[in-house]
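K.L.:
The sequence shown maps to residues 35 to 386 in this note's numbering. Before anything else, here's the structure in question.
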Amino acid sequence: MLFCAPWRKPQAESRSLSEIYKPPDGRLTKDVLLGEGGTGEVYKGRHHRRGVVAVKIANISRDEESVMRELKFLQQFGGHKNIASYYGAYYRAPLTECSSEHLEIVLEYCGGGSLHTLISRTNGQSLKETWIGYVCKEVLKGLHHIHKNRAVHRDIKSLNIMLTETAKVKTIDFGNSWDLDPQTGLCHEADGTAHWMAPEAIRQKGQRLAYDTKCDIWSLGITAIEMAEGKPPYADEYPVEHLIREAQPPRLQSNNWSQHFVSFLESCLKKDPSERGSAEELLQHPFVTQLPPKKIIRAEIENHLRTLQNRPAKKGLKGVALWSLKQLWRACTQTSAEEEAALQMALEGFSC
Ligand SMILES: Nc1ncnc2c1ncn2[C@@H]1O[C@H](COP(=O)(O)OP(=O)(O)OP(=O)(O)O)[C@@H](O)[C@H]1O
35 MLFCAPWRKP QAESRSLSEI YKPPDGRLTK DVLLGEGGTG EVYKGRHHRR GVVAVKIANI
95 SRDEESVMRE LKFLQQFGGH KNIASYYGAY YRAPLTECSS EHLEIVLEYC GGGSLHTLIS
155 RTNGQSLKET WIGYVCKEVL KGLHHIHKNR AVHRDIKSLN IMLTETAKVK TIDFGNSWDL
215 DPQTGLCHEA DGTAHWMAPE AIRQKGQRLA YDTKCDIWSL GITAIEMAEG KPPYADEYPV
275 EHLIREAQPP RLQSNNWSQH FVSFLESCLK KDPSERGSAE ELLQHPFVTQ LPPKKIIRAE
335 IENHLRTLQN RPAKKGLKGV ALWSLKQLWR ACTQTSAEEE AALQMALEGF SC
């Protein structure tokens, strides 16, 4: 019996990848490295028609099937406004006999960085509750679209949620995504990142897995805790799988969060997936329906992203001290408005 429909190369596409995807031939240039994952590196680049883009370099010699599966999901879902757009892919032949074939996947550039970076570079590693509500709402919209089409993302976490420079929220990385079985609506393959994985998606010895779209909702709940507390529950525990399966669902540590937030999390983190809210249901939850106007929240986040961009990345105390001294020196040589801004940044540098 077929459960998770495995990806198969369509009949019409039994041609070689070099025939399906053309070489870039000067249409695509790569610039700075944006990030690195299991699939390969992601660069900021320039496409002759799209302008600034992100370029994901996927090694097809290593795992062609998973790259092609990711491409399929990008093509299918990249049109949604909460999913990074897919613009196309180019083929790169191996440079030598021993090197690998690559696909250069061209994506919408998310210039605000990952949600993970936003959390880790914010003082106290805790985001404002309205920002958490806004991010959850935008991710839920993307998930609703994916789930409606009978697929699961299976790797929702702060590293796979990106922000544009204007604080729009975009889900990335469909490398773990999977189509649900058309008959049962279930998936039986174990995959995901341990701390964010739903209890039912964790394989136990001798047990057959069976889970559905609700696994993404659990991962979103864990991501909401990450936004509030800077890390997922049991962050320092390895392995964590037995805790996720056996312990009570995680809760927020502080009592300072609103009842709406607490209740939203309870709906995301029900251990029994049939009691967990769906994306569609959670989009009606007051935690995300009673937010201040989106344009206000986006302006706040956009402003914060700009401040972070002007601040050095964490380089240890010495790096921060040196940078802050430079800012102080600049403050002494500038006009009063610039002086105040530079002083503010210098002080923030010491606390970041
Ligand atoms: N569209 C984008 N715009 C800007 N940066 C991006 C974009 N896509 C990816 N990145 C950066 O590259 C990193 C790796 O991307 P991605 O998660 O897609 O790679 P991966 O190899 O599939 O990772 P994983 O090992 O989690 O499967 C991201 O965390 C992010 O920092």
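The C-beta atom is built at its ideal place from N, Cα and C for all residues, glycine as well.
1) Judging by CA-CA distance, which residue of A92, K171, H222 is the nearest neighbour of G391?
2) Assign A118 to buried or exposed, taking buried as 16 or more other Cβ atoms, counted over all protein chains shown, within 10 Å of its Cβ.
3) With contact counted as at least three CB pairs below 8 angstroms, one residue from each stretch, are the segment 230-239 and the segment 252-267 in contact?
4) By a C-beta neighbour count over all protein chains shown, 10 Å radius and 16 as the cutoff for buried, is C144 buried or exposed?
5) Assuming the contact rule is C-beta atoms closer than 8 angstroms, Y55 and Y125 should be a hit. Round their C-beta distance to whole Å, please.
6) State buried or exposed for Y272, treating a residue as buried only when at least 16 other CB atoms are found within 10 Å of its CB.
7) Provide the residue span of the alpha helix (DSSP H) that contains K329, from first to last.
8) Would you check whether ligand 1 has a heavy atom nearer than 7 angstroms to the C-beta of G69?
9) Residues in the same chain with beta-carbon distance under 6 angstroms from E199, minus the five sequence neighbours each way, listed in chain order, please.
10) Going by DSSP, which residues form a beta bridge with R80?
11) Measuring straight from C-alpha to C-alpha, what distance separates G158 and G264?
12) Can you tell me whether G72 sits near ligand 1, meaning its C-beta is under 7 angstroms from at least one heavy atom of the ligand?
13) What does a CB cutoff of less than 8 angstroms around V86 pick up in its chain, not counting 5 residues either side in sequence?
14) Beta carbon of L108, beta carbon of Y120: below 8 angstroms?
15) For A365, which three-state DSSP category applies?
16) Rank N210, G209, I195 by C-alpha distance to the C-alpha of V203 and give the top, closest one.
17) Can you tell me whether DSSP reads G122 as helix, strand or coil?
18) Going by alpha carbons, who is nearest to H344 out of E135, K90, T156, K106?
19) Report the rounded CA-to-CA distance for L177 versus H114, giving the unit in angstroms.
20) What number of angstroms, rounded off, separates the C-alpha of L299 from the C-alpha of F321?
21) Measuring alpha carbon to alpha carbon, tell me which of L105, W212, H179, V140 ends up nearest R61.
22) Can you tell me the Cα-Cα spacing of I153 and K162, whole angstroms?
23) CB K171 to CB L339, shorter than 8 angstroms?
24) May I ask whether a heavy atom of ligand 1 can be found less than 7 angstroms away from the beta carbon of L1?
P.N.:
Inspection of the coordinates gives the following:
1) Nothing can be reported for residue 391: it is not among the residues displayed for the chain, which extend from 35 to 386.
2) To locate residue 118, count along the sequence shown from 1; it is residue 84. By the 10 Å Cβ count, A118 comes out buried.
3) yes
4) The residue given as residue 144 occupies position 110 in the sequence shown. The residue in question, C144, is buried, as its Cβ has 16 or more Cβ neighbours within 10 Å.
5) Translated into the one-based positions of the sequence shown, residue 55 becomes position 21. Translated into the one-based positions of the sequence shown, residue 125 becomes position 91. Right, the Cβ-Cβ distance comes to about 4 angstroms (below 8 angstroms), so this counts as a contact.
6) Locating residue 272 in the sequence shown gives position 238, counting from the first residue. With fewer than 16 other Cβ atoms within 10 Å, it is exposed.
7) Taking the first residue of the sequence shown as 1, we reach residue 329 at position 295. Residues 328-343.
8) Sequence index remark: in the sequence shown, residue 69 carries index 35 (1-based). Checking the Cβ of G69 against ligand 1 gives yes.
9) Locating residue 199 in the sequence shown gives position 165, counting from the first residue. Closer than 6 angstroms at Cβ, skipping near neighbours: G145, G146.
10) Position 46 of the sequence shown holds residue 80. In DSSP, R80 forms a bridge with T63, V86.
11) By one-based count along the sequence shown, residue 158 stands at place 124. By one-based count along the sequence shown, residue 264 stands at place 230. About 8 angstroms.
12) Indexing the sequence shown from 1 puts residue 72 at position 38. At least one heavy atom of ligand 1 is nearer than 7 angstroms to the Cβ of G72, so yes.
13) Here the question's residue 86 lines up with position 52 in the sequence shown. Same-chain partners within the cutoff: K78, G79, R80, Y143, G145.
14) As a working mapping, residue 108 is identified with position 74 in the sequence shown. As a working mapping, residue 120 is identified with position 86 in the sequence shown. Yes. Within cutoff.
15) Position 331 of the sequence shown, counted from the start, is the residue given in the question as residue 365. Only weak support exists for where A365 lies, its pLDDT of 49 falling under 50; the coordinates are left without a value.
16) The residue you call residue 203 lines up with position 169 of the sequence shown. It is I195 whose Cα lies nearest to the Cα of V203.
17) Residue numbering aside, residue 122 sits at position 88 when the sequence shown is read from its first letter. Looking at G122 - three-state DSSP - the assignment turns out to be strand.
18) Along the sequence shown, one-based indexing puts residue 344 at 310. Contrary to the premise, residue 344 reads as Asn rather than His in this sequence. Per the Cα distances, T156.
19) Residue mapping note: residue 177 aligns to position 143 of the sequence shown, counting from 1. Residue mapping note: residue 114 aligns to position 80 of the sequence shown, counting from 1. Each residue's Cα considered, the two are about 10 angstroms apart.
20) Reading the sequence shown from its first residue, position 265 is the one you call residue 299. Reading the sequence shown from its first residue, position 287 is the one you call residue 321. The alpha-carbon of L299 is positioned some 10 angstroms away from that of F321.
21) Sequence index remark: in the sequence shown, residue 61 carries index 27 (1-based). Closest by alpha carbon: V140.
22) Your numbering for residue 153 matches position 119 in the sequence shown. Your numbering for residue 162 matches position 128 in the sequence shown. When rounded, the distance between both Cα atoms is 10 angstroms.
23) Taking the first residue of the sequence shown as 1, we reach residue 171 at position 137. Taking the first residue of the sequence shown as 1, we reach residue 339 at position 305. No, the pair does not count as a contact, with Cβ atoms beyond the cut-off.
24) Residue 1 lies beyond the residue range present for the chain, which begins at 35 and ends at 386; the question has no answer from this structure.
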